[in-house]
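Colleague: First the structure, then my questions, so here it is.
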Amino acid sequence: MSAPEMVITGLGVVAPTGLDAEEHWSAVLSGKSGIGRITRFDPSGYPVVLGGEVPDFTAKERIPQRLVPQTDHWTHMALYGAEAALGDAGVDPAERSEYEMAVVTSSSSGGTEFGQNEMSGLYGKGPGWVGVYQSIAWFYAATTGQISIRNGMRGPCGVVCAEQAGGLDAIGQARRLLRDDVRMVVTGGTDASLCPYGLVAQMQTGLLSESEDTARAYLPFDADACGYVPGEGGAILIAERGEEAAERGAGYGAVLGYASGFEPPGRPSSLARTLRRALDDARVDPGDVDAVFADGMGDLRQDRIEADAIASVFGPGAVPVTAPKVLSGRLYGGGAPLDVATALLGIRDGVVPHTPGTTRPVDGIDLVRDQPRETGPRTVLVIARGYGGFNAALVLGALER
Amino acid sequence: MSEFTLQELRNVVKAAVNADDLGEIGEETLDTEFIELGYDSLALLEVLSVIQREYGLRLPDEATESMQTPGEALAYINERFKAAEGSR
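Going line by line, the protein sequences match chains A and C. Position one of the first sequence corresponds to residue -5 (the numbering used here), numbered consecutively onward. Position one of the second sequence corresponds to residue 6 (the numbering used here), numbered consecutively onward.
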């Protein structure tokens, strides 16, 4: 069998569930949640008090010191994640041709916490108190740019801003680049918007959970769904051409297919069509898919739309569906890359992780509850939906060894 | 005012961009370009901001062009202080 077009060879996880892929994976398997009361600021006085924070992440111990005051928390986490992912993939950028390495990340919030601090200076003291690094730190492409500069990656670089769907779109863009002259792409993404300014902006969607009960705050596909918990972090992934990964014996799994779509608010959902297009792109029949990593917004109406789309493509209850993101909260630009990392670890270990917490699942889907299922998944569909109507789907497959 | 010293330059640079992985500013690096010491153009702009905030001295953004090394920076800033006093 010929090598797949694109393989994920490195994982750099920076998530509420762990500061590396294995720590995250063991938290997922044991259902250990990273959600708690927000500590980055005092959330009392705000209707949303729970968040998924990355524990024990001290930027100055994890990234070059001079970059700490020049970049936002979201970039700090991505720089660390990129280094971890490159190490995991066994890639030394210094040994590669600089124009054959590209960076494409997703970002939904940009550098909101950094921006809030600078705005405090502006309105509290005056224009002279706004630091010059605000000019680059807030910007959505800041993370991509800093990863590119730090590692000498001068191939095509970009950022995708499509809320939670952007993480899959970035991987889709990475695949386009690998079809051209690029041989390796740093992709995936992180987000971090757990500051008052960021939280208030997110609250406008009306989708955030106001529950204070960490175990019940985010229950996707449950009759008691009451919104989602916002989180920070994500995953940086290394994508390479299949034949090159095979030469090194590297890789967690292949990216077999990708599609994206848009659902204009108030119009019928295009999600089922996006899922079918991703499967067609992968040349995979619905019956060959072993698990679906759902988006799971935690909103009754949105979850119903997603469950209906899955049921219409696969048949009612015909495929195991899971949303382990309940343990980290929704990470926006970082969310889907973390789901991809989780799904690849599941393929590696033959496990479909469960969705802790949900007790009264909606009908029409087979939600994996209570404990992981050791069913040996080889083909997995990952779904991501972003506020405003973005949707995307990615098909992952086990490598032939 | 009295002279703007090397120690004061060191302090404002530290206030602007503080990191262990940046080059030392001292007698032996007076003629080394900031860029070689690890300070980029934005770092120099931030140094200008700190000087303006802490000393109340007005400096144009183009000032960085006259401050490519710590030695040039000291000479330029002192010149501006003198000019400011003279116009009083």
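For glycine and all other residues, C-beta sits at the position ideal for the given N, C-alpha and C.
Would A:W123 pass as an interface residue toward chain C - the criterion being a Cβ-Cβ separation below 8 angstroms?
Modeller: Yes, A:W123 lies at the interface with chain C (some Cβ there is under 8 angstroms from its Cβ).
Colleague: When you compare each of A:G309, A:A9 and A:V42 to A:G221 by their alpha carbons, which one comes out closest?
Modeller: The shortest Cα separation from A:G221 among A:G309, A:A9 and A:V42 belongs to A:V42.
Colleague: Which runs of the beta strand (DSSP E) at least 3 residues long sit entirely within the segment 269 to 336 of chain A? Give them in chain order.
Modeller: Those beta strand (DSSP E) runs which fall completely within the segment 269 to 336 of chain A and span 3+ residues are 285 to 287 and 314 to 316.
Colleague: Are the beta-carbon atoms belonging to A:P150 and A:L188 less than 8 angstroms from one another?
Modeller: Not closer than 8 angstroms, so no.
Colleague: Here's a check: name, in chain order, each residue in its chain whose Cβ is nearer than 7 angstroms to the Cβ of A:D302, leaving out the five neighbours to either side.
Modeller: Closer than 7 angstroms at the Cβ level, and outside the excluded window around A:D302, lie G358.
Colleague: By how many angstroms is the C-alpha of A:I230 removed from the C-alpha of A:A9?
Modeller: Going by the C-alpha atoms only, they are around 11 angstroms apart.
Colleague: Distance, Cα to Cα, A:V48 vs A:E234?
Modeller: Looking at the two C-alpha atoms, the distance is approximately 28 angstroms.
Colleague: What whole-angstrom Cβ distance do A:P214 and A:G329 have, given they're in contact under 8 angstroms?
Modeller: Not really, about 12 angstroms apart at Cβ, beyond 8 angstroms.
Colleague: From the DSSP secondary-structure annotation, give me the bridge partner or partners of A:V180.
Modeller: Per DSSP, A:V97 and A:I232.
Colleague: Give a yes or no on whether the minimum CB-CB distance between A:Q59 and chain C is below 8 angstroms.
Modeller: Closer than 8 angstroms: yes.
Colleague: Is the Cβ of A:Y403 closer than 8 angstroms to any Cβ of chain C?
Modeller: The structure shown does not extend to residue 403 of chain A, since chain A is modelled only from -5 to 395, so the question has no answer here.
Colleague: Going by DSSP in three states, C:N23 sits in which element: helix, strand or coil?
Modeller: If DSSP states are grouped into helix, strand and coil, C:N23 belongs with coil.
Colleague: Between the segment 68 to 83 of chain A and the segment 30 to 42 of chain A, do three or more beta carbon pairs fall short of 8 angstroms?
Modeller: Too few Cβ pairs lie closer than 8 angstroms, so no.
Colleague: So, is A:Y93 buried or exposed, given that buried needs 16 or more other C-beta atoms within 10 angstroms?
Modeller: Exposed, because fewer than 16 other Cβ atoms sit within 10 Å of the Cβ of A:Y93.
Colleague: Nearest to A:L46 by alpha carbon, out of A:G152, A:G104, A:P87 and A:Y212?
Modeller: Correcting the residue type first, residue 46 of chain A is Gly in the shown sequence and not Leu. Among A:G152, A:G104, A:P87 and A:Y212, the Cα nearest to that of A:G46 is on A:Y212.
Colleague: According to a CB-to-CB cut-off of less than 7 angstroms, which residues of the segment 43 to 69 of chain C neighbour chain A?
Modeller: So the close ones are G43, L47, L50, E51, S54, Q57 and R58.
Colleague: So, does the segment 55 to 63 of chain C touch the segment 134 to 141 of chain A, judging by three or more C-beta pairs under 8 angstroms?
Modeller: With the cut-off at 8 angstroms, the segment 55 to 63 of chain C and the segment 134 to 141 of chain A do not touch.
Colleague: Would you mind stating whether A:S264 and A:F256 have Cβ atoms separated by less than 8 angstroms?
Modeller: Closer than 8 angstroms, so yes.
Colleague: Quick one: what's got a C-beta closer than 8 angstroms to A:Y381's C-beta in the same chain, skipping five residues either side?
Modeller: Excluding positions up to five away in sequence, the list reads E157, Q158, T199 and L201.
Colleague: Any C-beta of chain A sitting closer than 8 angstroms to the C-beta of C:L27?
Modeller: Yes - at least one Cβ of chain A is within 8 angstroms of the one on C:L27.
Colleague: Ends of the beta strand (DSSP E) at A:S254?
Modeller: G247 to F256 is the extent of the beta strand (DSSP E) around A:S254.
Colleague: Please list, in chain order, the chain C residues whose beta carbon lies closer than 8 angstroms to that of A:Y127.
Modeller: Per Cβ cutoff of 8 angstroms: L47 and E51.
Colleague: What ranges does the beta strand (DSSP E) occupy inside the segment 103 to 152 of chain A, keeping only unbroken runs of at least 3 residues that lie completely in it?
Modeller: The qualifying runs do not exist here; there are none.
Colleague: Distance check for A:F35 and A:G12, CA to CA, integer angstroms please.
Modeller: Between A:G12 and A:F35, the C-alpha separation is close to 21 angstroms.
Colleague: In angstroms with no decimal places, state the Cα-to-Cα distance between A:D174 and A:G122.
Modeller: Roughly 46 angstroms between the two C-alpha positions.
Colleague: Residues in the same chain with beta-carbon distance under 6 angstroms from A:M100, minus the five sequence neighbours each way, listed in chain order, please.
Modeller: One detail in the question is off: residue 100 of chain A reads as Ser in this sequence, not Met. Closer than 6 angstroms at the Cβ level, and outside the excluded window around A:S100, lie V154, G160, G161, A164, G183 and G327.
Colleague: Here's a check: name, in chain order, each residue in its chain whose Cβ is nearer than 7 angstroms to the Cβ of A:A337, leaving out the five neighbours to either side.
Modeller: Once the five neighbours on either side are set aside, the close Cβ partners of A:A337 are F287, V374, V376 and L390.
Colleague: Using a beta-carbon distance cut-off of less than 7 angstroms, what residues from the segment 19 to 44 of chain A approach chain C?
Modeller: Residues: none.
Colleague: For the segment 71 to 81 of chain C and the segment 10 to 21 of chain C, state whether three or more C-beta atom pairs, one from each stretch, are separated by less than 8 angstroms.
Modeller: The segment 71 to 81 of chain C is in contact with the segment 10 to 21 of chain C.
Colleague: Taking C:V22 as the reference, give the member of A:Y127, A:I299 and A:P37 with the closest Cα.
Modeller: Cα-wise, what sits closest to C:V22 is A:Y127.
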